[in-house]
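Q: Line order of the protein sequences matches chains A and B. With the working numbering applied, the first sequence has no gaps in its numbers, which climb one by one up to 201 at the end. With the working numbering applied, the second sequence has no gaps in its numbers, which climb one by one up to 421 at the end. The beta carbon of each residue, even a glycine, is placed where N, CA and C say it ideally should be. These figures come from a predicted structure and were not determined experimentally.
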Amino acid sequence: MTQTLIACHECDLIHRVQPLPENSKARCRRCGALLYAHFPNTIEWSLDLAITGLVLRVIANIYPFLSLESQGTVLETTIITGTIILSEQSMAGVAILVLLTSMLIPCILLGALVYVLWPMKLGHRLPANRRAFRLALTLRPWSMTEIFLLGILVSVVKLAKLATIIPGTALFSFLGLVLVLASINTFLAPQTIWEKMDEWR
Amino acid sequence: MAMIRGHAVHTAARSGLFNCHGCRLLVRRPSADGQMLVRCPRCGTRLHLRKPNSIARTWALLIAAMIFYIPANLLPVTITTYLGSTQPDTIMSGVIFFMQTGSWGIALIIFVASIVVPIAKLIVLIGLLVSVQRRSHWRPAERTRLYRITELVGRWSMLDVFVVTVLVALVRLGYLTTIEAGSGVVYFAAVVVITMIAAMTFDPRLIWDALEKNDESPAH
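Next comes the structure, spelled out in structure tokens:
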């Protein structure tokens with residue numbers, strides 16, 4: 001069953017779903033909102049990206065993020081240090097928010113995508129895969145790794161005169177993760193995946 | 202193409218179809234077998250013609266954000282201790298610090314993300330709410346685009362919260378200089394999260410509903 005009509009989610013105008021050329025996107029003719037996209041390999045690409053992202057995430061957690069060298073001593077900081085220190089300063093709410101937006105939500109998002117897409121690629125499905133996919137879509141705006149990366153850049157500039165800052169392995173894998181998540185945002189065509197799920201009914 | 206400006210506008214709500222917020226499936230309610238569907242048969246999201254109570258919810262969230270905005274800007278976000286002397290910094294004094302040290306690029310990034318974006322977002326959302334409540338016909342496509350940009354850009358205000366986190370993590374006790382988080386950052390984080398939710402509860406389709414000739418706008 002293929003969906004023949006689609007309504008714009010920003011102005012409610014109904015459009016007939018038309019076949020698109022490869023790797024292009026359809027926009028609403030009245031307000032310009034994105035309607036659907038056609039990436040023939042959206043499942044494979046998104047799956048590969050999501051797995052890569054999870055691996056990078058693990059690396060980013062193990063290795064030190066930044067090292068601060070001042071007065072002959074080196075202090076290593078991992079990504080969790082900041083949130084631990086914030087919660088020690090009775091800022092538990094902010095600590096949880098930072099932990100969620102920079103770590104947990106990207107992880108859950110990637111995990112949910114792998115959970116849905118891997119079996120889909122192999123031709124079967126796992127229970128609650130629709131709920132998992134909806135979760136991944138809902139979480140997208142709350143995954144803020146790219147903003148966190150910019151935050152690191154700003155802090156490094158601020159501290160540049162105070163101490164020597166040495167970028168760690170985790171920083172580079174985190175940069176990779178940012179690129180992976182940005183690519184998923186581009187190549188993931190939710191409409192295609194929902195229709196694929198419909199075929200099983 | 203030409204007919205879209207006139208009366209013959211086919212919206213999902215007018216055709217009696219529910220546009221699922223989760224997966225964009227068009228659902229007819231009641232369905233062919235007379236069932237009143239409450240949830241989308243494909244993804245399970247609750248079905249509504251329009252986001253429920255969109256205007257009231259968005260107003261409530263915006264008012265909350267405006268209240269939190271005041272302590273967010275007046276209270277310090279970082280407290281720097283250097284050789285026994287403490288210096289509290291608000292968001293604005295942080296921007297001024299970068300300007301004084303010559304990092305104009307960084308000063309501009311923080312100024313835009315922490316000051317321009319939250320204010321612009323509040324103004325745009327209030328403007329959109331007022332225009333919808335007055336059933337304005339003024340430039341619907343541009344207003345929709347404004348909404349889309351607001352929703353996209355709002356997340357970047359989290360920048361300052363992350364900067365404080367990283368600063369606090371890097372400059373710890375045991376050094377001559379220590380940086381602690383100030384209570385302003387709590388209010389600022391609240392403003393960012395609340396305005397993000399406010400942008401999500403606003404339903405841009407209300408902008409287009411006002412354009413329809415008869416005033417029977419779809420319920421919920």
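Output, in chain order, the set of chain B residues within a Cβ distance shorter than 7 Å of Ile-82(A).
A: Numbered from its first residue, the first sequence carries residue 82(A) at position 82. With the sequence shown as reference, residue 82(A) is identified as Gly, and Ile is not the correct amino acid for it. The contacting residues are Thr-366, Val-367, Val-369 and Ala-370.
Q: Rounded to whole angstroms, what is the Cα-Cα separation between Pro-277(B) and Pro-64(A)?
A: Counting from one through the second sequence, the residue named residue 277(B) turns up at place 76. Counting from one through the first sequence, the residue named residue 64(A) turns up at place 64. Rounded to the nearest angstrom, the two C-alpha atoms are 29 Å apart.
Q: If you draw a straight line from the C-alpha of Pro-212(A) to the C-alpha of Phe-269(B), how long is it?
A: Here chain A has residues from 1 to 201 only, and residue 212(A) is not among them.
Q: What residues in the segment 181-199 of chain A have a beta carbon less than 8 Å from any beta carbon of chain B?
A: Taking 8 Å as the Cβ-Cβ cut-off against chain B, the residues of the segment 181-199 of chain A that qualify are Pro-190, Gln-191, Trp-194, Met-197 and Asp-198.
Q: Classify His-421(B): buried if its beta carbon has 16 or more other beta carbons within 10 angstroms, exposed otherwise.
A: As a working mapping, residue 421(B) is identified with position 220 in the second sequence. Below a pLDDT of 50, predicted positions are generally treated as unreliable, and His-421(B), at 46, falls in that range; no measurement from the model is reported.
Q: At the 7 Å Cβ level, is Glu-381(B) part of the contact set with chain A, yes or no?
A: In the second sequence, the residue the question calls residue 381(B) occupies position 180. Closer than 7 Å to some Cβ of chain A, the Cβ of Glu-381(B) qualifies, so yes.
Q: Tell me whether Glu-161(B) is buried or exposed, calling it buried when 16 or more other Cβ atoms sit within 10 Å of its Cβ.
A: No statement about residue 161(B) is possible, as the shown extent of chain B runs from 202 to 421 and does not include it.
Q: Could you tell me whether the segment 396-407 of chain B touches the segment 148-160 of chain A, where touching means 3 or more Cβ pairs closer than 8 Å?
A: no
Q: Does the pairing of the segment 339-351 of chain B with the segment 52-60 of chain A give three or more beta-carbon distances under 8 Å?
A: no
Q: Tell me the start and end of each unbroken alpha helix (DSSP H) in the segment 290-378 of chain B that is at least 4 residues and wholly inside, in chain order.
A: 292-301, 305-311, 318-334, 341-354 and 360-371
Q: Using the rule of at least 16 other Cβ atoms within 10 Å of the residue's Cβ for burial, across every protein chain shown, is Ser-143(A) buried or exposed?
A: Position 143 of the first sequence, counting from 1, holds the residue named residue 143(A). Burial call: buried.
Q: Count the CB pairs spanning the segment 396-404 of chain B and the segment 252-271 of chain B that are closer than 8 Å, and state whether there are at least three.
A: yes
Q: How would you label Arg-30(A), buried or exposed, when you count the other beta carbons within 10 angstroms and need 16 or more for buried?
A: Residue 30(A) sits at position 30 when you count from the first residue of the first sequence. It counts as buried.
Q: Can you give the Cα-Cα distance for Thr-440(B) and Leu-139(A), rounded to whole angstroms?
A: The shown model of chain B, from 202 to 421, leaves out residue 440(B), and the question about it has no answer.
Q: Would you verify that the beta carbon of Ala-411(B) is, or is not, closer than 7 Å to some beta carbon of chain A?
A: The count along the second sequence starts at 1 and reaches residue 411(B) at position 210. Contact with chain A is absent for Ala-411(B), since none of that chain's Cβ atoms lies less than 7 Å from the residue's Cβ.
Q: Let me know if Asn-220(B) comes out buried or exposed under the rule of 16 or more other beta-carbons within 10 Å of its beta-carbon.
A: Taking the first residue of the second sequence as 1, we reach residue 220(B) at position 19. By the 10 Å Cβ count, Asn-220(B) comes out buried.
Q: Determine, for Met-103(A), whether the minimum Cβ-Cβ distance to residues of chain B falls below 7 Å.
A: Looking up residue 103(A) in the first sequence gives position 103. No, Met-103(A) does not count as interfacial toward chain B.
Q: Can you pull the chain A residues whose beta carbon is under 7 Å from the beta carbon of Ser-304(B), in chain order?
A: As a first step, residue 304(B) is located in the second sequence; it is residue number 103 there, counting from the start. Listed along chain A are Val-157, each with a C-beta nearer than 7 Å to that of Ser-304(B).
Q: May I ask which residues mark the beginning and end of the alpha helix (DSSP H) holding Phe-148(A)?
A: To locate residue 148(A), count along the first sequence from 1; it is residue 148. Under the DSSP assignment, Phe-148(A) falls in the alpha helix (DSSP H) whose first and last residues are 145-159.
Q: Could you say if the segment 348-362 of chain B and the segment 78-88 of chain A meet the contact criterion of at least three C-beta pairs nearer than 8 Å?
A: no
Q: Start and end of the beta strand (DSSP E) containing Leu-5(A)?
A: Sequence index remark: in the first sequence, residue 5(A) carries index 5 (1-based). 5-7 is the span of the beta strand (DSSP E), which, as asked, contains Leu-5(A).
Q: Measure from the C-beta of Ala-7(A) to each C-beta in chain B and report whether the shortest distance is under 7 Å.
A: To locate residue 7(A), count along the first sequence from 1; it is residue 7. It does; some Cβ of chain B falls within 7 Å.
Q: Residues of chain A with CB under 7 Å from Trp-357(B), in chain order?
A: For this step, residue 357(B) is matched to residue 156 along the second sequence. Per Cβ cutoff of 7 Å: Ile-147.
Q: Hey, does Gly-240(B) have any beta-carbon neighbour from chain A nearer than 7 Å?
A: On the second sequence, position 39 is the one that residue 240(B) refers to. The displayed chain sequence assigns Arg, not Gly, to residue 240(B). Answer no: the Cβ-Cβ gap between Arg-240(B) and chain A never drops below 7 Å.
Q: Counting only beta-carbon atoms, is Ile-97(A) nearer than 7 Å to chain B?
A: Within the first sequence, the letter at position 97 stands for residue 97(A). Ile is not the amino acid found at residue 97(A); the sequence shown has Leu there. Closer than 7 Å to some Cβ of chain B, the Cβ of Leu-97(A) qualifies, so yes.
Q: Assess, as a yes-or-no matter, whether the segment 157-176 of chain A is touched by the segment 125-139 of chain A under the definition of 3 or more beta carbon pairs within less than 8 Å.
A: They do not touch, by the three-pair rule.
Q: Which chain A residues sit within Cβ distance under 7 Å of Ser-216(B)?
A: Here residue 216(B) is taken as the residue at index 15 of the second sequence, counted from 1. Correct list: Ile-14.
Q: In its own chain, which residues sit with a C-beta less than 7 Å from the C-beta of Val-333(B), not counting the 5 before and 5 after it?
A: For this step, residue 333(B) is matched to residue 132 along the second sequence. These residues qualify, in order along the chain: Ile-256, Leu-407, Ile-408 and Ala-411.
Q: As an exercise, report each continuous beta strand (DSSP E) stretch of at least 3 residues that is fully enclosed by the segment 25-101 of chain A, in chain order.
A: 34-38, 66-70 and 73-77
Q: To the nearest angstrom, how far is it from the Cα of Leu-75(A) to the Cα of Val-372(B)?
A: On the first sequence, position 75 is the one that residue 75(A) refers to. On the second sequence, position 171 is the one that residue 372(B) refers to. Roughly 9 Å between the two C-alpha positions.
Q: Can you confirm whether Val-154(A), when its beta carbon is compared against all beta carbons of chain B, has any partner nearer than 7 Å?
A: Here residue 154(A) corresponds to residue number 154 of the first sequence, with the count starting at 1. At least one chain B Cβ lies under 7 Å of Val-154(A).
Q: How do the segment 44-53 of chain A and the segment 174-184 of chain A stand: do at least 3 beta-carbon pairs fall below 8 Å, yes or no?
A: yes
Q: So, under 8 Å CB-CB, Leu-323(B) and Met-267(B) are touching, yes? Tell me the CB distance rounded to an integer number of Å.
A: Residue numbering aside, residue 323(B) sits at position 122 when the second sequence is read from its first letter. Residue numbering aside, residue 267(B) sits at position 66 when the second sequence is read from its first letter. Indeed they touch by this definition, with Cβ atoms about 6 Å apart.
Q: Does any residue of chain A have a CB that is nearer than 7 Å to the CB of His-211(B)?
A: Position 10 of the second sequence, counted from the first residue, corresponds to residue 211(B). Output row for His-211(B): interface = yes.
Q: Could you please give the first and the last residue of the uninterrupted beta strand (DSSP E) stretch that includes Phe-219(B)?
A: Within the second sequence, the letter at position 18 stands for residue 219(B). Residues 218-220.
Q: Indicate whether at least one CB of chain B lies closer than 7 Å to the CB of Met-91(A).
A: The count along the first sequence starts at 1 and reaches residue 91(A) at position 91. So, interface residue.
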